[in-house]
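J.: Shown below is the structure under consideration.
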Amino acid sequence: MEYQVVKTKVIGFFVRVALFLALLVSVGQFSKVTVYASWTEPEQVSNIPGGGLAAPIMLAADDSGLLHAVWIQYKYNPGDQDGTFYAQKLPGQAWSLPESVPLPFRGDHGKMDALVSPDGTVHLVASGTCCGSDWAWVYLSRSHSGQWSDIELANTGYAAAGGPSLVLDSTGTLHLVYAGKLFGTFDPPQMRYQFKTVGGSWSGMQQISSGAGDAIEGILAVDDTDTLHLAWTQDMDGDHNFQAVYSTLVPGGSWSAFEPIYDGASVRGFGVDSSFLPHLVFFDSARNFDLSYTNRTGGGQWSTPLDLTDTPGVNHPSLTIAANGTLHLVFDDEHGSVKYRIKPAGGSWSETAVAAAYTTQSGFVWPRVTTDGVDRLHIVFGNSNIYYITQLNQPPVANAGADVVTAVNTPVSLDGSGSFDLDNDPISYLWTEEVSNPQLNVLTSTSVANPAFTPSIAGIYTFNLVVNDGSLSSAPDTVVVTVQTPSEVIQDLIDVVEGYNLQQGIDNSLDAKLNSALQALNDINENNDGAAINSLQAFINAVEAQKGKEITDEQADELIILTQRIIASLSAS
Numbered sequence: 001m002e003y004q005v006v007k008t009k010v011i012g013f014f015v016r017v018a019l020f021l022a023l024l025v026s027v028g029q030f031s032k033v034t035v036y037a038s039w040t041e042p043e044q045v046s047n048i049p050g051g052g053l054a055a056p057i058m059l060a061a062d063d064s065g066l067l068h069a070v071w072i073q074y075k076y077n078p079g080d081q082d083g084t085f086y087a088q089k090l091p092g093q094a095w096s097l098p099e100s101v102p103l104p105f106r107g108d109h110g111k112m113d114a115l116v117s118p119d120g121t122v123h124l125v126a127s128g129t130c131c132g133s134d135w136a137w138v139y140l141s142r143s144h145s146g147q148w149s150d151i152e153l154a155n156t157g158y159a160a161a162g163g164p165s166l167v168l169d170s171t172g173t174l175h176l177v178y179a180g181k182l183f184g185t186f187d188p189p190q191m192r193y194q195f196k197t198v199g200g201s202w203s204g205m206q207q208i209s210s211g212a213g214d215a216i217e218g219i220l221a222v223d224d225t226d227t228l229h230l231a232w233t234q235d236m237d238g239d240h241n242f243q244a245v246y247s248t249l250v251p252g253g254s255w256s257a258f259e260p261i262y263d264g265a266s267v268r269g270f271g272v273d274s275s276f277l278p279h280l281v282f283f284d285s286a287r288n289f290d291l292s293y294t295n296r297t298g299g300g301q302w303s304t305p306l307d308l309t310d311t312p313g314v315n316h317p318s319l320t321i322a323a324n325g326t327l328h329l330v331f332d333d334e335h336g337s338v339k340y341r342i343k344p345a346g347g348s349w350s351e352t353a354v355a356a357a358y359t360t361q362s363g364f365v366w367p368r369v370t371t372d373g374v375d376r377l378h379i380v381f382g383n384s385n386i387y388y389i390t391q392l393n394q395p396p397v398a399n400a401g402a403d404v405v406t407a408v409n410t411p412v413s414l415d416g417s418g419s420f421d422l423d424n425d426p427i428s429y430l431w432t433e434e435v436s437n438p439q440l441n442v443l444t445s446t447s448v449a450n451p452a453f454t455p456s457i458a459g460i461y462t463f464n465l466v467v468n469d470g471s472l473s474s475a476p477d478t479v480v481v482t483v484q485t486p487s488e489v490i491q492d493l494i495d496v497v498e499g500y501n502l503q504q505g506i507d508n509s510l511d512a513k514l515n516s517a518l519q520a521l522n523d524i525n526e527n528n529d530g531a532a533i534n535s536l537q538a539f540i541n542a543v544e545a546q547k548g549k550e551i552t553d554e555q556a557d558e559l560i561i562l563t564q565r566i567i568a569s570l571s572a573s
């Protein structure tokens, strides 16, 4: 299974204040969730005693299809202990009961990240006052058997200003970036990097950025070559004019000199596709902080930003890239709605659609999006509780291919490879034949994408294709194969020659050879296939003699191919 590692940030100044302001307008009002076409009814994931606001931190799927979610539960009453919680969901089953993540301090929204390895191990980093340090980054993991590890210190003494962002490469090495400054100093926070190999300890801290101002909001991604890609927001001159910047780290190398992406950009979602091309969504200060999109081309240039905001109030975007290259973006709108947009690989962004909404009261829902091994979309979002939705299974689409015109005794391959499933589920094939076909039971297989047959009788053959995704079947699609006698194909070839409007002498010479072959085939007194083949070969020789002269190369190639098919049909009879 391919993993496209994508990270998004839910970071902002005074986020705790915003949380409780949202709580003031939302308490008692978010009792109903409305979902829209093609999405499942919401499933409640959490119901933590003491209530409060629930903000998702992570949603991810492992190789088995198991979904994992981590979230912060903010309590109602001042002084109550906020908590970090975890739950999982097997395909077709309900979410497990939430379990408390054993952090040694209160969870701090926006200063925590988590991921899931292919085998289902959960890795989590968080910052807080802990373990005899004024400020610490701590790490712990949850095995696929359900045991949380002991707390491990990653770093002490660096105050968190933004981040962290955590990724896992193919060797099992964890990579961590965060924006931080030495506790108690007035130096601007910078982007910092550490790693942890399998069975090893966290490396020492390495500083990546060097701007005179603050570095914040770093998002890390890793591609299939284990190259790290980092996008973050940087105040280069200390003048509070921020820009998005980008750097990479190849295995065994050093971080590249960072390149500017866009002035006035605040990084919010970042990922790398299977072609190693980065994609970025950001808030654009030049456009009233509208949500915008850019990507880095193979030539190393970032595309002109595209405004993705068609309504005001976009918040908390979450971006993921499916294995097939499709970009999925979800966000909320301050009014309790989960909205989403989709960009197929090589295509354009869809219009904004609504996946789910609370009642029409104000409030954030902090959506998180991921895809599983078959690229099915999953979303969690929260307010007083965490909710989960996924796309409903949609029937696949059958495509039996283009209609075919051929000659008897000529192999024909049907083409159902254009069939697809809207949910990217694997599909099976079922071909059937019309009982009116000149021959029956002719296909080499009825359950493959490209069955073949060789017709020995001229006529109209009709085949129907239905595909199934394991639970739903498509509407049938039909392909018609018209099988002609050699005489009919020669007559079509005569029409093609006349349609070229060749010089009269050449046209008459070619027609004579084709008519000679036609007369031989129409002679009912004896088998003149050999004589017809000789005339057709003479036709090919005449065409080749005029190729590039009175007959264009393209016309000559078409005539020769058609004639060779007639000869092959006669030779097989």
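In full-length UniProt numbering, the protein residues as written are 1 to 573. By construction, the Cβ of each residue, glycine as well, lies at the ideal position given by its N, Cα and C atoms. Model, not experiment: these values are computed from the prediction.
From THR410 to PHE453, what distance separates their C-alpha atoms?
T.: THR410 and PHE453 have their alpha carbons spaced roughly 9 Å apart.
J.: Mind checking THR320: buried by the 16 CB within 10 Å criterion, or exposed?
T.: buried
J.: Whole angstroms is fine: what's the gap from PHE283's alpha carbon to ASN315's?
T.: 9 Å
J.: In angstroms, rounded to a whole number, what distance separates the CA positions of TRP71 and LEU59?
T.: 9 Å
J.: List the DSSP bridge partners of residue 580.
T.: Not covered by the structure: residue 580. The range shown for the chain is 1 to 573.
J.: Taking 8 Å as the cut-off, does the region 495 to 512 touch the region 540 to 557 (at least 3 CB pairs, one atom from each stretch)?
T.: yes
J.: Go ahead and label ASN441 buried or exposed: buried means 16 or more other beta carbons lie within 10 angstroms of its beta carbon, across all protein chains shown.
T.: Under this definition ASN441 is an exposed residue.
J.: In the DSSP assignment, find the beta strand (DSSP E) that holds GLY52 and state where it starts and stops.
T.: First-last for GLY52: undefined, no H or E at that position.
J.: Taking the runs of the alpha helix (DSSP H) that are 4 residues or longer, which of them lie wholly in the region 456 to 510?
T.: With a minimum length of 4 residues, the continuous alpha helix (DSSP H) runs that stay inside the region 456 to 510 are 486 to 499.
J.: Find out if the Cβ-Cβ distance for the pair GLU550, ILE506 is shorter than 7 Å.
T.: Cβ atoms of GLU550 and ILE506: closer than 7 Å.
J.: When we look at the beta-carbon of THR233 and count the other beta-carbons within 10 Å, is it buried (16 or more) or exposed?
T.: Burial of THR233 is indicated by the presence of at least 16 other C-beta atoms within 10 angstroms of its C-beta.
J.: Can you tell me the Cβ-Cβ gap for LYS339 and THR326, rounded? I've got them flagged as a contact below 8 Å.
T.: Actually they are not in contact, since the Cβ atoms of LYS339 and THR326 sit about 17 Å apart, beyond 8 Å.
J.: Classify VAL496: buried if its beta carbon has 16 or more other beta carbons within 10 angstroms, exposed otherwise.
T.: When all chains shown are included, VAL496 counts as exposed.
J.: Pull the bridge partners of ALA154 from the DSSP assignment, please.
T.: None, per the DSSP bridge assignment.
J.: Excluding five sequence neighbours on each side, which residues of the same chain lie with their C-beta closer than 6 Å to the C-beta of ASN468?
T.: Within the same chain, ASN468 has close Cβ partners SER428.
J.: Alpha carbon to alpha carbon, what distance is there between SER292 and LEU308?
T.: 5 Å
J.: If distances are taken between C-alpha atoms only, which option among ASP224, GLU334, LEU392 and ASN393 comes closest to PRO367?
T.: GLU334
J.: Have a look at GLY146 and PRO278 and give me their C-alpha separation to the nearest angstrom.
T.: Spanning the two alpha carbons is a distance of roughly 34 Å.
J.: At a cut of 8 Å, does the region 59 to 69 reach the region 111 to 120 through at least three beta carbon pairs?
T.: Result yes; three or more Cβ-Cβ pairs closer than 8 Å.
J.: Can you give, in chain order, each stretch of the alpha helix (DSSP H) that sits fully within the region 186 to 251 and has at least 4 residues?
T.: none
J.: For the beta strand (DSSP E) that contains ALA532, what are its first and last residues?
T.: Note, ALA532: premise wrong, no beta strand (DSSP E); alpha helix (DSSP H) at 529 to 546.
J.: Within 10 angstroms of its Cβ, does HIS240 collect 16 or more other Cβ (buried), or is it exposed?
T.: exposed
J.: Report the rounded CA-to-CA distance for PRO251 versus THR462, giving the unit in angstroms.
T.: About 56 Å.
J.: Under the rule that 16 or more other beta-carbon atoms within 10 Å means buried, what is PRO49, buried or exposed?
T.: exposed
J.: Run through DSSP, which three-state label would ARG341 get?
T.: The three-state reading of DSSP puts ARG341 in strand, counting E and B together.
J.: Hey, would you say PRO476 sits closer than 7 Å to LEU521, going by beta carbons?
T.: Contact: no.
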